[in-house]
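Protein chains in written order, with the UniProt record's numbering: chain A, 1 to 225; chain B, 1 to 225; chain C, 1 to 225; chain D, 1 to 225.
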């Protein structure tokens with residue numbers, strides 16, 4: 001009852017993942033755009049509504065095709081959803097797709113082949129981008145769920161973005177907060193995912209700053225002796 | 001005036017603790033369930049009320065039996081409460097029992113004998129689960145203490161859970177806050193216990209992310225040279 | 001223009017500090033008690049008022065005597081206030097005295113000579129105690145400054161303690177906040193001093209937890225091989 | 001298409017930067033003073049208005065001259081804005097100038113040639129000063145943008161400073177929050193810049209405290225043996 005595929009299955013899976021990671025990232029951005037159009041366009045704006053529906057469903061179909069292909073390539077069968085649980089969650093809730101960005105980020109950097117950023121800068125860039133996209137997705141979802149509620153404090157998309165900023169940084173002013181059940185569920189998810197990532201940004205920045213100052217100490221002595 | 005038991009007493013105590021840790025964890029979950037039923041069931045629902053009372057008191061009796069057995073096995077006599085002060089606190093306030101989860105967690109992992117998670121993942125899993133259970137227990141207690149107060153902002157159990165999420169992540173919107181004395185004492189306790197544990201989750205996640213990126217650096221060179 | 005005293009001056013100063021640290025700590029507690037009585041006692045309760053005035057001024061006189069003695073022992077003259085700036089600040093604002101607790105803590109532990117706590121536990125104990133005393137002093141000061149203001153949200157001492165808890169943990173509900181100028185100055189000071197210390201508690205706890213899990217890894221192998 | 005200038009260009013650039021860093025820092029302080037006068041002086045106070053305009057524009061001209069000189073010295077041509085993107089941002093938004101303080105701080109310390117602070121103390125001093133100046137600049141900007149809005153909660157400059165304190169420490173009471181679009185943009189920027197820096201302060205303090213306690217452990221043994 002091994003949860004790990006054989007070596008050739010792994011190789012096939014890796015090749016597939018390397019080839020699809022950038023297209024899937026673009027599909028993820030299109031999905032987010034489609035969702036944004038659906039949420040933000042006025043309700044009687046027919047062309048926008050159709051465009052957004054097409055974008056959302058066609059990109060989701062791509063995600064499904066990718067998931068099924070990887071399930072078959074892996075040779076894991078019914079154990080795939082449990083082993084690759086993050087992929088399963090991301091398939092069902094595509095707004096969480098930024099969480100898989102770590103692979104895309106590596107792929108993009110590998111292709112450009114430019115002098116790589118140092119370790120801390122890369123952690124900060126990756127975690128910062130993921131947090132930004134997650135926060136944007138959460139602001140869209142919360143705006144969609146809240147703005148028609150009678151006693152809502154989040155009434156415009158600007159309020160929702162402001163709420164997302166105040167939540168991710170744990171400032172939490174409380175001047176704009178979700179009041180519906182599902183809005184609060186999204187908010188709790190944003191706190192859980194986002195805070196850990198923001199902790200990574202802060203931690204990396206702190207380590208990097210200490211490194212910068214420590215390196216200067218090493219450079220200084222010859223200047224004196 | 002040594003606070004440490006002799007070697008054979010330690011061995012007996014260890015054997016007892018290893019045998020009882022999983023049953024006690026299940027008893028702790030039953031206690032929490034009983035308390036949840038007592039708090040959340042409507043007041044005239046007689047069968048639920050009886051069930052919850054039975055659960056709470058019978059599990060607490062188990063905790064007492066375990067405490068007394070360990071007190072006698074340890075051979076420490078009247079010094080036991082001071083040496084094992086965390087156990088004493090947990091006996092008197094069984095809602096704090098999640099704090100003892102570290103032993104249970106180890107025991108469960110040892111039995112399943114599966115490839116162990118890495119260090120950071122284990123710290124995150126343990127601290128995350130403890131925080132989750134503590135937050136649930138605090139939400140129950142605060143709901144119980146607050147929801148009948150005239151000027152309360154925590155009126156439903158959903159409000160209490162929302163308050164616990166906002167408190168544990170230090171977001172603190174302030175749209176739902178305890179107003180009674182005992183509600184605020186519970187809240188202060190949740191802040192003190194929970195924040196340290198959440199700091200552990202964030203810190204471990206940050207360290208793990210840096211480790212993941214650092215490991216990739218080691219893998220990359222052969223790809224180039 | 002050396003800022004450092006000679007070796008025999010240092011020895012004399014060290015001896016004086018070792019002898020006075022516990023009495024000064026007790027004087028600090030008496031000062032806090034006196035201030036608490038002055039703030040919390042009803043205004044027409046004459047005996048309490050006199051007792052608190054006596055306590056506050058006599059302990060402050062002790063602090064002054066200690067400061068002048070150390071100034072003369074150090075042989076630094078007019079440079080003493082600049083070199084020992086923390087002592088100067090603490091003399092002028094005795095409510096900040098918990099900040100000097102690190103020396104007391106060491107002295108007490110040295111005397112009891114019991115098996116010392118590990119590094120992280122000591123940092124946590126020291127920082128936690130300092131934070132607790134600073135928070136209590138800030139709650140007293142804010143209550144004193146705020147509770148007679150017409151539009152204050154801090155009206156009882158319980159409110160002030162609740163505000164201090166929510167501020168130190170950075171939860172910041174905002175249901176009780178200072179509104180006067182000096183109340184906000186005290187609050188900003190509490191944020192600045194307290195948060196750094198609380199960061200130390202969280203950081204130490206996180207490091208300690210990782211250490212506990214790492215040590216278990218070392219213990220486990222023999223159990224298997 | 002190298003982004004790095006040749007060695008002699010680097011040497012010339014470094015010499016220019018070393019000579020200008022202290023004058024530029026003073027110009028930055030003058031800019032901030034001029035902006036503060038413009039924001040805080042009553043609107044009909046003609047002399048103050050003129051002084052502030054002169055200060056702001058003449059210092060900005062200095063920044064422009066410095067930027068153009070460095071652009072020409074570097075020999076990078078049109079690639080300069082992209083390579084030195086932080087300098088470009090700081091030229092366009094001079095209120096962000098504290099972010100470049102790390103160089104100034106080093107320069108000042110080098111000149112005074114006094115026994116250097118340890119690593120953590122320097123990180124704390126640098127990050128603390130940067131956070132303080134950024135917070136002051138943000139408070140000025142938010143006060144300027146908000147105080148004439150009808151439903152503003154930030155009405156005096158004191159409110160704006162109080163808001164900046166509560167935001168930078170992530171306490172976020174919510175009793176004073178920006179309500180206009182641009183006010184919220186400034187606030188989001190303050191959260192993003194400030195929190196990372198404050199994380200550096202907290203992290204360094206925590207590391208320093210652990211170091212202090214660890215060093216004491218090393219000193220203690222001879223006292224006993």
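Glycine included, each C-beta is placed from N, C-alpha and C at the ideal position. Nothing here was measured: the structure is a model prediction, and the numbers come from that model.
Per-residue contacts from residue i into chain A (C-beta, under 8 Å)
{"i": "residue 167 (chain D)", "result": "171"}
{"i": "residue 157 (chain B)", "result": "Near residue 157 (chain B) there are no residues of chain A at all, since even the closest Cβ is about 12 Å away, more than 8 Å."}
Chain D residues whose Cβ lies nearer than 7 Å to that of residue i
{"i": "residue 201 (chain A)", "result": "196"}
{"i": "residue 162 (chain A)", "result": "184"}
Proximity below 7 Å, CB of residue i to CB of residue j
{"i": "residue 163 (chain B)", "j": "residue 152 (chain B)", "result": "no"}
{"i": "residue 204 (chain B)", "j": "residue 120 (chain B)", "result": "yes"}
{"i": "residue 98 (chain D)", "j": "residue 130 (chain D)", "result": "yes"}
{"i": "residue 182 (chain A)", "j": "residue 134 (chain A)", "result": "no"}
{"i": "residue 165 (chain D)", "j": "residue 137 (chain C)", "result": "no"}
{"i": "residue 123 (chain A)", "j": "residue 209 (chain B)", "result": "yes"}
{"i": "residue 173 (chain B)", "j": "residue 157 (chain B)", "result": "no"}
{"i": "residue 169 (chain B)", "j": "residue 168 (chain A)", "result": "no"}
{"i": "residue 34 (chain C)", "j": "residue 55 (chain C)", "result": "yes"}
{"i": "residue 160 (chain C)", "j": "residue 192 (chain C)", "result": "no"}
Chain B residues whose Cβ lies nearer than 7 Å to that of residue i
{"i": "residue 174 (chain D)", "result": "174"}
{"i": "residue 123 (chain A)", "result": "209, 210, 213"}
Coarse secondary structure for residue i, derived from DSSP in three states
{"i": "residue 118 (chain D)", "result": "coil"}
{"i": "residue 67 (chain D)", "result": "helix"}
{"i": "residue 49 (chain A)", "result": "helix"}
{"i": "residue 88 (chain C)", "result": "helix"}
{"i": "residue 1 (chain B)", "result": "Any reading at residue 1 (chain B) must be qualified, since the residue scores a pLDDT of 41, below 50, and its modelled position is unreliable; the value itself is stated next. It is coil, neither helix nor strand."}
{"i": "residue 44 (chain A)", "result": "coil"}
{"i": "residue 155 (chain A)", "result": "coil"}
{"i": "residue 169 (chain A)", "result": "coil"}
{"i": "residue 98 (chain D)", "result": "helix"}
{"i": "residue 150 (chain A)", "result": "coil"}
{"i": "residue 125 (chain A)", "result": "helix"}
{"i": "residue 34 (chain C)", "result": "helix"}
{"i": "residue 185 (chain D)", "result": "helix"}
{"i": "residue 59 (chain A)", "result": "helix"}
{"i": "residue 23 (chain D)", "result": "helix"}
{"i": "residue 161 (chain A)", "result": "helix"}
{"i": "residue 133 (chain B)", "result": "helix"}
{"i": "residue 7 (chain A)", "result": "helix"}
{"i": "residue 178 (chain C)", "result": "coil"}
{"i": "residue 75 (chain C)", "result": "coil"}
{"i": "residue 93 (chain D)", "result": "coil"}
{"i": "residue 225 (chain D)", "result": "Per-residue confidence for residue 225 (chain D) stands at a pLDDT of 32, beneath the threshold of 50, marking its modelled position as unreliable; no derived number is given."}
Per-residue contacts from residue i into chain C (C-beta, under 8 Å)
{"i": "residue 136 (chain D)", "result": "Neighbours of residue 136 (chain D) on chain C: none; closest Cβ ~13 Å, over 8 Å."}
{"i": "residue 127 (chain B)", "result": "209"}
{"i": "residue 181 (chain B)", "result": "158"}
{"i": "residue 177 (chain B)", "result": "173, 175"}
9 Å Cβ cut-off: residues of chain A touching residue i
{"i": "residue 119 (chain D)", "result": "210, 213, 214, 217"}
{"i": "residue 58 (chain D)", "result": "Per Cβ cutoff of 9 Å: no residues; residue 58 (chain D) is ~32 Å from chain A at best."}
Anything in the region 183–194 of chain B with a Cβ closer than 7 Å to a Cβ of chain C? List those residues in chain order, please. Contact residues of the region 183–194 of chain B toward chain C are 184, 188, 191 (C-beta to C-beta distance below 7 Å).
Under 8 Å: do the region 70–84 of chain D and the region 31–46 of chain D share three or more Cβ pairs, one atom per stretch? Touching, no, given that fewer than three Cβ pairs across the two stretches are closer than 8 Å.
Does the structure place the region 48–56 of chain C close enough to the region 142–157 of chain C that three or more beta carbon pairs sit under 8 Å? Fewer than three Cβ pairs drawn from the region 142–157 of chain C and the region 48–56 of chain C lie within less than 8 Å of each other, which leaves the two stretches out of contact.
Take every Cβ of the region 196–211 of chain A, pair it with every Cβ of the region 195–215 of chain D, and state whether three or more of those distances are shorter than 8 Å. They touch, by the three-pair rule.
Give the residues from the region 75–97 of chain A that approach chain B closer than 8 Å (Cβ to any Cβ), ordered along the chain. Only those residues of the region 75–97 of chain A whose C-beta falls short of 8 Å from the nearest C-beta of chain B would be listed, and there are none.
Note down, in chain order, all residues in the region 27–51 of chain C with a beta-carbon under 9 Å from any beta-carbon belonging to chain D. Of all residues in the region 27–51 of chain C, none is placed with a Cβ closer than 9 Å to any Cβ belonging to chain D.
Validate contact between the region 13–26 of chain D and the region 7–24 of chain C using beta carbons, cut 8 Å, 3 pairs: For the pair of segments examined, the region 13–26 of chain D was found not to touch the region 7–24 of chain C: the number of CB pairs separated by less than 8 Å stays below three.
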